[in-house]
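Working notes, structure below.
2 protein chains.
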Amino acid sequence: MDTEHGPVFRPAQHDFRWDGVAHLPYKQDGSAPFKDISRQVLFHEAALGCELRYFEMEADGYSTLERHEHTHAVMILRGHGQCMVGTEVRAVKPLDLVTIPAWAWHQFRATDGEALGFLCMVNQVRDRPALPTEAELQAMRAHPDVARFLAG
Amino acid sequence: MDTEHGPVFRPAQHDFRWDGVAHLPYKQDGSAPFKDISRQVLFHEAALGCELRYFEMEADGYSTLERHEHTHAVMILRGHGQCMVGTEVRAVKPLDLVTIPAWAWHQFRATDGEALGFLCMVNQVRDRPALPTEAELQAMRAHPDVARFLAG
Numbered sequence: 002m003d004t005e006h007g008p009v010f011r012p013a014q015h016d017f018r019w020d021g022v023a024h025l026p027y028k029q030d031g032s033a034p035f036k037d038i039s040r041q042v043l044f045h046e047a048a049l050g051c052e053l054r055y056f057e058m059e060a061d062g063y064s065t066l067e068r069h070e071h072t073h074a075v076m077i078l079r080g081h082g083q084c085m086v087g088t089e090v091r092a093v094k095p096l097d098l099v100t101i102p103a104w105a106w107h108q109f110r111a112t113d114g115e116a117l118g119f120l121c122m123v124n125q126v127r128d129r130p131a132l133p134t135e136a137e138l139q140a141m142r143a144h145p146d147v148a149r150f151l152a153g
Numbered sequence: 002m003d004t005e006h007g008p009v010f011r012p013a014q015h016d017f018r019w020d021g022v023a024h025l026p027y028k029q030d031g032s033a034p035f036k037d038i039s040r041q042v043l044f045h046e047a048a049l050g051c052e053l054r055y056f057e058m059e060a061d062g063y064s065t066l067e068r069h070e071h072t073h074a075v076m077i078l079r080g081h082g083q084c085m086v087g088t089e090v091r092a093v094k095p096l097d098l099v100t101i102p103a104w105a106w107h108q109f110r111a112t113d114g115e116a117l118g119f120l121c122m123v124n125q126v127r128d129r130p131a132l133p134t135e136a137e138l139q140a141m142r143a144h145p146d147v148a149r150f151l152a153g
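Next comes the structure, spelled out in structure tokens:
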């Protein structure tokens, strides 16, 4: 049996925290492109090539509006809110699935007065996200749903 | 944007089913090494190299007792039950994490009178599972916790 792995069993604690999993709030200052969001890496096994992370935004928090070559496979795990992928904005609830294709602009927002948490499966080796230019933001805002979403 | 992917948003339905995801009960006959278990493949994106599946056992159901080279990364999503990995048996509950290392014997059992469901992240390309020989089963049963678990 492989002996390089960590513990086999890691029980869940209260409030979407886990034994032996670091809780990593993103540092934010006045110019941060995100708000009140944290990350926990649940699985990072070299043999798998993918990671499974849990992201959580507090009420009114949001993830960075970004895009990249790599794909995200998302399952909502906690709470309600909204998600933008490309020019589509949807309300999301626990267990909903969201596929974020290569180069699609995307953002999650905890718009329902409660925390919004989701699992995200992603390649361990991946490109860095790009942020939108002012011209790209203007083009996004041409879609009324997106404009409303981005205005919070 | 990549246009080869399926729908971006797939809302959850009632009872751990999803829009656009096939529900695949395993066929069983008298000699089947599993009982009352189904599989749903939630994500299978070529770019990721991994899949995310949801397995569910009905009350008193169990998964196949098996082992293989490939690794499983598991999160319990529904209900309570028991899980064996190697010679360790643990009660599991929603959100608990289980890492199944290469070549560890493993099985899940819905022992608590309710359905037990879990997410499983796995490589898309993987080796076939091996079933235990009678000698291997006897060696497993030398561990009292395992013997009790396997007796159901």
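Taken in sequence, the protein lines are chains A and B. According to my numbering, the first sequence is numbered sequentially starting from 2. According to my numbering, the second sequence is numbered sequentially starting from 2. No residue lacks a Cβ here, since even glycine has one placed at the ideal position from N, Cα and C.
Residue j beta carbon less than 9 Å from that of residue i
i	j	result
L114/A	D61/A	Reading off the sequence, residue 114/A comes out as Gly, not Leu. Yes, Cβ-Cβ distance for G114/A and D61/A is below 9 Å.
H107/A	R54/A	no
T100/B	E52/A	no
L98/A	A136/A	no
L96/B	A23/A	no
F10/B	R91/A	yes
T65/B	P130/B	yes
F17/B	E57/B	yes
Q125/A	G50/A	yes
L120/A	M76/A	yes
P102/A	G82/A	no
G146/A	E89/A	Note on identity: in this sequence residue 146/A is Asp, with Gly being the wrong assignment. In this structure, E89/A lies closer than 9 Å to D146/A by Cβ.
E70/A	R127/A	yes
Whole-Å CB distance - residue i paired with residue j, under 8 Å assumed
i	j	result
G118/A	G80/A	6 Å
P34/B	L138/B	That pair is no contact at about 11 Å.
M122/A	M122/B	6 Å
Neighbour flag for residue i against chain D, beta carbons, 9 Å
i	result
H71/B	Of the protein chains in the structure, A and B, none is chain D.
Any residues in the region 45-68 of chain A with a beta carbon nearer than 8 Å to a beta carbon of chain B? Which ones, in chain order? Contacts with chain B (Cβ-Cβ distance below 8 Å) from the region 45-68 of chain A involve E46, A48, L49, G50, C51, L53, listed in chain order.
Would you mind listing the beta strand (DSSP E) stretches within the region 69-149 of chain B that are 3+ residues and don't spill past its ends, in chain order? Look at the region 69-149 of chain B and you find these whole runs of beta strand (DSSP E), each 3 residues long or longer: 73-79, 82-86, 89-93, 98-101, 107-110, 117-124.
Segments assigned beta strand (DSSP E), at least 3 residues, entirely inside the region 31-72 of chain B: If only complete runs of 3 or more residues are kept, the region 31-72 of chain B shows the beta strand (DSSP E) at 36-45, 51-63, in order along the chain.
Output, in sequence order along the chain, the residues in the region 104-136 of chain A whose CB is closer than 8 Å to any CB in chain B. So the list reads W104, A105, L120, M122, V123, N124, given in the order they occur along the chain.
Positions along the region 6-19 of chain A whose CB lies within less than 8 Å of some CB in chain B: Per Cβ criterion, the list reads H6, G7, P8, V9, F10, R11, P12, A13, F17, W19.
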